[in-house]
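K.L.:
Residue numbers (the working numbering), protein chains in the order written: chain L, 23 to 213; chain S, 24 to 583. Please find one structure pasted underneath; my questions will follow.
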Amino acid sequence: MNGKTILSLAVAAWACSLHAYSFKVKVDLAESADTNQTRLAVMKGAEKASERYFRLAEKTHPDVIARGFAAKPEQKKSVLDEDPMDAFDADIVDDDAIQRFDKDIEYIVRATKGRNSFVLVVVNRGKSDLTAEIELKRGKMREPVYRRVYSEDGGKTWTTMAWQPPRASDLYPWTVEVPANTVQTVTITVK
Amino acid sequence: MSVVKTVICSIAVIAVATVAQAEWPVTIIADADDTPIKDLRNSTSAPDLGYAGAMLESSTLIAEWFYISNRVESAKLIRDAGAWVVRPWSANDLWQRGMAWATTKDREAMMKKYRNGVLIDPHAYFSFWKENGMKAILCLEQYGVYGDAEKGTRVSDIETTKKVICDYVQWIVDNGYKECVAGFELGNEPYFGNDPELYGQRWSEIVPAMKSIWPEMKIGMPLAEYRPNDPDIAAVRARATGLDWVQGGGEFSFGRLNQWSGRFVVAMSNQLHNISHVIYHFYGADAAYGCGPSGFARVKNFAKVFPEIADKRVWITEWRERSDEDDRCHQTFSSSLWKGHYLLSCLAQPNIDGISLHNLATLAGGLAVSTGSWMVQWDPSGRDYPDPDYEGVPRMEVGPSGPVFSIYTEALKSHPLVLNHGNCEKQGKDVIIWACALYYGSTWAQVNALAKNKPMPPVKGNVEWVVTMNADKTSLSVLMVNSNTRKLDMPIKLKGVKFAGEPVVKSVTIAEGHVYSHLIPGERPLWKISEQKLARLEGDKAVLPIGPNTVQSVTIPLKK
Chain L
23 MNGKTILSLA
33 VAAWACSLHA
43 YSFKVKVDLA
53 ESADTNQTRL
63 AVMKGAEKAS
73 ERYFRLAEKT
83 HPDVIARGFA
93 AKPEQKKSVL
103 DEDPMDAFDA
113 DIVDDDAIQR
123 FDKDIEYIVR
133 ATKGRNSFVL
143 VVVNRGKSDL
153 TAEIELKRGK
163 MREPVYRRVY
173 SEDGGKTWTT
183 MAWQPPRASD
193 LYPWTVEVPA
203 NTVQTVTITV
213 K
Chain S
24 MSVVKTVICS
34 IAVIAVATVA
44 QAEWPVTIIA
54 DADDTPIKDL
64 RNSTSAPDLG
74 YAGAMLESST
84 LIAEWFYISN
94 RVESAKLIRD
104 AGAWVVRPWS
114 ANDLWQRGMA
124 WATTKDREAM
134 MKKYRNGVLI
144 DPHAYFSFWK
154 ENGMKAILCL
164 EQYGVYGDAE
174 KGTRVSDIET
184 TKKVICDYVQ
194 WIVDNGYKEC
204 VAGFELGNEP
214 YFGNDPELYG
224 QRWSEIVPAM
234 KSIWPEMKIG
244 MPLAEYRPND
254 PDIAAVRARA
264 TGLDWVQGGG
274 EFSFGRLNQW
284 SGRFVVAMSN
294 QLHNISHVIY
304 HFYGADAAYG
314 CGPSGFARVK
324 NFAKVFPEIA
334 DKRVWITEWR
344 ERSDEDDRCH
354 QTFSSSLWKG
364 HYLLSCLAQP
374 NIDGISLHNL
384 ATLAGGLAVS
394 TGSWMVQWDP
404 SGRDYPDPDY
414 EGVPRMEVGP
424 SGPVFSIYTE
434 ALKSHPLVLN
444 HGNCEKQGKD
454 VIIWACALYY
464 GSTWAQVNAL
474 AKNKPMPPVK
484 GNVEWVVTMN
494 ADKTSLSVLM
504 VNSNTRKLDM
514 PIKLKGVKFA
524 GEPVVKSVTI
534 AEGHVYSHLI
544 PGERPLWKIS
554 EQKLARLEGD
564 KAVLPIGPNT
574 VQSVTIPLKK
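Pasting the structure below:
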């Protein structure tokens with residue numbers, strides 16, 4: 023590895039550190055269902071590929087139990103101290119509160135009727151790779167199933183990929199990758 | 024140590040390292056004049072690499088979808104999963120029920136009676152096997168048969184049992200289905216039972232009667248060769264609470280199973296001339312267990328102790344890297360790569376014919392099957408994958424093992440001479456077979472490190488290969504697996520023939536970073552299958568490139 027490469031990597035790492043951050047998603051499966059079934063807006067061209075995953079999530083996990091935007095890093099602490107449902111509801115949140123969120127990263131949490139599984143439906147319309155840290159109020163999470171819509175050519179074409187990472191880690195809370203310019207559903211069963 | 028000694032030692036080490044480096048990777052030798060390790064044309068189960076199960080064990084719904092209502096789609100699935108060899112369990116019971124089902128006037132009553140038993144006209148699957156050039160190893164059971172299959176009554180007297188099994192054989196002969204029967208297996212894992220003498224005595228009465236109907240038929244007798252802590256023992260014990268050895272408490276051990284095998288051989292001593300194969304089931308890919316070099320050694324050791332079976336060929340009618348204690352590990356591509364190694368090792372064993380991965384119809388095998396959820400076989404935690412796209416009709420697609428079997432078997436169907444076996448480190452019959460066990464052990468070390476967020480140790484991958492040729496030696500096909508994380512150029516040298524055309528490479532590999540990801544059925548696979556032609560080859564030397572985490576066949580025209 024030559025000096026130029028090392029310098030490039032260092033610059034890239036610095037650039038990432040400016041943008042990449044994690045946000046928390048609090049999940050309480052005892053939460054009652056939200057009747058607002060509005061879908062998340064996705065990137066242009068990604069509608070069709072996203073549609074199937076949205077539909078699957080709605081079919082298997084009919085109850086919306088949380089929704090929100092990612093908290094911006096500088097506002098992270100104060101936002102997380104609040105109830106995300108209260109903070110997000112447009113009727114009761116003023117403009118200042120909305121500014122605390124990165125509206126490029128929007129999510130919905132859906133649950134099964136039996137509340138033994140939930141799915142994080144998340145859109146990252148921005149250019150930064152993020153991670154979501156899921157905090158589950160009760161129960162233990164099993165390995166997530168990722169279903170991701172992404173583009174490798176700057177948004178000209180969109181494709182899908184689904185997988186389950188190897189073996190459950192004992193780490194808690196669970197960390198979910200939310201790369202830039204992706205739509206994904208992350209299904210997690212709870213025991 | 025003196026300075027002089029240190030210098031000499033250092034020079035020696037450098038010299039050895041230099042020589043070793045110069046020989047790496049080892050050149051693949053393809054000698055057309057060599058005596059083949061084996062000729063698959065002599066095997067009734069060729070192309071030998073197949074599956075346990077036959078889409079006849081789960082439900083009538085699946086069997087009808089596969090063999091009656093969707094035969095064209097099923098034929099494509101068979102091709103894409105390389106499922107040319109299948110093995111139905113309890114084949115005679117299945118046949119008896121099916122014959123009654125085909126003629127009954129009250130199907131509704133039979134459906135009620137057999138809620139958990141498959142009902143399908145036997146002509147449906149035998150004709151499908153025949154049309155598609157498939158082979159079946161038919162597993163028979165003689166504990167009892169249906170006295171009246173329509174009503175579901177059972178009898179166990181030897182005369183009726185013998186008659187039913189012989190009627191089954193006669194039906195196969197009379198209907199022209201001999202060509203799709205690789206042979207008969209004398210029971211599924213009978214060594215978990217209690218009385219090898221009675222078991223042998225009953226088969227000794229039935230076998231000669233079967234042979235009188237079809238003298239050339241191949242018959243295999245099941246043997247057990249276990250080791251302490253073998254994963255299959257615990258798995259069988261967990262699901263078979265009705266067996267005497269569990270109820271007896273403390274009596275059960277791996278040694279008891281092995282004794283059973285010896286006593287069964289003795290009990291069958293008057294019929295061994297009618298036995299063509301011995302049959303093993305191997306579970307567990309760790310070095311000590313059956314799926315790998317230890318399994319091959321067990322077969323040899325048993326034949327030393329019981330030389331009366333030493334001349335028998337071998338079927339491995341069930342195998343898998345884990346038993347039921349971990350059904351979900353099979354959905355990773357690392358499992359497919361391991362299978363890529365193990366299949367080549369088995370292919371290079373001169374005494375082994377058909378080997379059947381357990382099993383065709385679950386996520387552990389060649390096909391993924393959904394009737395509302397994608398079936399993970401006997402997962403004790405019930406973690407079948409939900410199928411949110413299910414709309415009341417069975418859905419099937421090729422599973423993670425399928426492309427590996429498809430690539431290998433397609434090559435073997437046209438290249439039956441198995442000539443040489445090696446890896447990038449060595450060639451020769453004794454050392455190469457460890458590649459699969461070494462790779463498997465290192466994958467678990469990596470997965471465990473991942474789960475604990477620790478640095479991953481390096482994978483102990485290898486490039487393993489088997490050279491095959493067609494009968495007139497005008498074409499060569501090299502079956503290869505690369506379980507390393509980097510591309511390798513494997514040198515190849517021909518003897519007795521020369522290259523005469525463009526190599527065709529058929530390969531399957533995995534998206535970067537996903538070798539340990541579980542594949543999600545119903546979604547676009549993470550693996551990538553490709554076929555490409557390389558530049559024309561002439562002469563007797565070439566280089567065969569293989570990418571990281573890849574299974575491939577390279578087929579090249581030859582001339583004398």
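Each residue gets a CB set at the ideal place from its N, CA and C atoms; glycine is no exception. If you're wondering where the values come from, they're calculated on a predicted model, not measured in any experiment.
So L/Leu78 contacts chain S; which residues on that side make the cut at Cβ distance below 8 Å?
P.N.:
Pro411, Asp412
K.L.:
Leaving out five residues on either side along the sequence, give the residues of the same chain with a beta carbon under 6 Å from the beta carbon of S/Ser500.
P.N.:
Ala434, His438, Thr491, Ser576, Thr578
K.L.:
Counting only beta-carbon atoms, is L/Gln186 nearer than 9 Å to chain S?
P.N.:
yes
K.L.:
Quick one, which residues of the stretch 163 to 174 of chain L are near chain S if we go by CB-CB under 9 Å, in chain order?
P.N.:
Arg164, Glu165, Val167, Tyr168, Arg169
K.L.:
Is it right to say S/Ile181 is buried, meaning 16 or more other beta carbons lie within 10 angstroms of its own, or is it exposed?
P.N.:
exposed
K.L.:
Whose C-beta lies closer than 6 Å to the C-beta of L/Asp56 among residues of the same chain, with five residues either side of it excluded?
P.N.:
Val86
K.L.:
Show which residues of chain L have a CB atom less than 8 Å away from the CB atom of S/Arg509.
P.N.:
Going along chain L, no residue has its Cβ under 8 Å from S/Arg509, so there is no contact; the nearest lies around 17 Å.
K.L.:
Express the C-alpha separation of L/Ile210 and L/Thr197 in angstroms, rounding to a whole number.
P.N.:
12 Å
K.L.:
Among residues of its own chain, excluding the 5 on either side of S/Trp457, which ones have a beta-carbon nearer than 6 Å to its beta-carbon?
P.N.:
Pro316
K.L.:
Going by beta carbon distance, what residues of the same chain come within less than 8 Å of S/Pro481, once the five residues before and after it are set aside?
P.N.:
Excluding sequence neighbours, S/Pro481 sits near Ser465.
K.L.:
Where S/Lys521 and S/Gly377 are concerned, what is the direct C-alpha to C-alpha distance, given to the nearest angstrom?
P.N.:
31 Å
K.L.:
Run through chain S and tell me which residues come within less than 8 Å of L/Met6, C-beta to C-beta.
P.N.:
Any answer about residue 6 of chain L is impossible in this case: the structure gives chain L only from 23 up to 213.
K.L.:
Hey, would you say S/Gly206 sits closer than 9 Å to S/Leu161, going by beta carbons?
P.N.:
At a Cβ-Cβ threshold of 9 Å, S/Gly206 and S/Leu161 count as neighbours.
K.L.:
Can you have a look at L/Pro201 and say buried or exposed, based on whether 16 or more other CB atoms are within 10 angstroms of its CB?
P.N.:
exposed
K.L.:
May I have the straight-line CA-CA distance separating S/Lys241 from S/Ala75, to the nearest angstrom?
P.N.:
17 Å
K.L.:
Within 9 Å of any Cβ in chain L, is that where the Cβ of S/Val566 sits?
P.N.:
no
K.L.:
Which residues bound the alpha helix (DSSP H) around S/Ala460?
P.N.:
Per DSSP, S/Ala460 belongs to the alpha helix (DSSP H) from 458 to 474.
K.L.:
Unbroken beta strand (DSSP E) runs of length 3 or more, entirely within the stretch 287 to 337 of chain S: which are they?
P.N.:
Runs of the beta strand (DSSP E) inside the stretch 287 to 337 of chain S: 300 to 306.
K.L.:
S/Trp338 to S/Ile302, Cα distance in whole Å?
P.N.:
Each residue's alpha carbon lies about 5 Å from the other.
K.L.:
Report the three-state DSSP secondary structure of S/Val192 (helix, strand or coil).
P.N.:
helix
K.L.:
Please go through the same chain and pick out, in chain order, the residues whose beta-carbon is closer than 6 Å to the beta-carbon of S/Lys136, but skip the five residues on each side of it.
P.N.:
Gly175
K.L.:
When the Cβ atoms of the stretch 151 to 162 of chain L are set against those of the stretch 46 to 62 of chain L, are three or more pairs found closer than 8 Å?
P.N.:
yes
K.L.:
Closest to S/Leu100 by C-alpha separation, out of S/Lys556, S/His541, S/Gly389, would be which residue?
P.N.:
S/Gly389
K.L.:
Please report the distance separating the alpha-carbon of L/Leu78 from that of L/Thr207.
P.N.:
Straight-line Cα distance between these residues: approximately 9 Å.
K.L.:
Under 6 Å Cβ to Cβ from L/Val141, same chain only, skipping five residues before and after it: list those, please.
P.N.:
Ala79, His83, Arg132, Thr207, Thr209
K.L.:
I'd like the list of long-range same chain contacts for S/Met134, defined as Cβ closer than 8 Å, with 5 residues on each side in sequence excluded.
P.N.:
Thr83, Leu142
K.L.:
Show which residues of chain S have a CB atom less than 9 Å away from the CB atom of L/Thr82.
P.N.:
Pro409, Pro411
K.L.:
Going by beta carbon distance, what residues of the same chain come within less than 6 Å of S/Arg321, once the five residues before and after it are set aside?
P.N.:
Glu248
K.L.:
Is the distance from the Cβ of S/Ala523 to the Cβ of S/Pro568 below 9 Å?
P.N.:
no
K.L.:
Which residues in chain L sit within 7 Å of S/Thr543, going by Cβ to Cβ distance?
P.N.:
The amino acid occupying residue 543 of chain S in the given sequence is Ile; Thr does not appear at that position. Under the 7 Å cutoff, chain L gives Val167, Ala184, Trp185, Gln186.
K.L.:
Would you call the stretch 165 to 174 of chain S and the stretch 92 to 112 of chain S touching, i.e. three or more CB-CB distances under 8 Å?
P.N.:
no
K.L.:
Listed in chain order, which residues of the stretch 462 to 487 of chain S have Cβ atoms closer than 7 Å to some Cβ of chain L?
P.N.:
Val470, Leu473, Ala474, Asn476
K.L.:
Taking 9 Å as the threshold (C-beta atoms), are L/Glu165 and L/Pro188 in contact?
P.N.:
yes
K.L.:
With H, G and I counted as helix, E and B as strand and the rest as coil, what does DSSP make of S/Tyr169?
P.N.:
strand
K.L.:
Alpha carbon to alpha carbon, how far is S/Glu561 from S/Asn512? Give it in angstroms, no decimals.
P.N.:
Strictly speaking, residue 512 of chain S in this sequence is Asp, with Asn absent from that position. Roughly 17 Å between the two C-alpha positions.
K.L.:
Can you check the stretch 393 to 448 of chain S for any beta strand (DSSP E) of at least 3 residues that lies completely inside it and give the ranges in chain order?
P.N.:
418 to 421, 440 to 446
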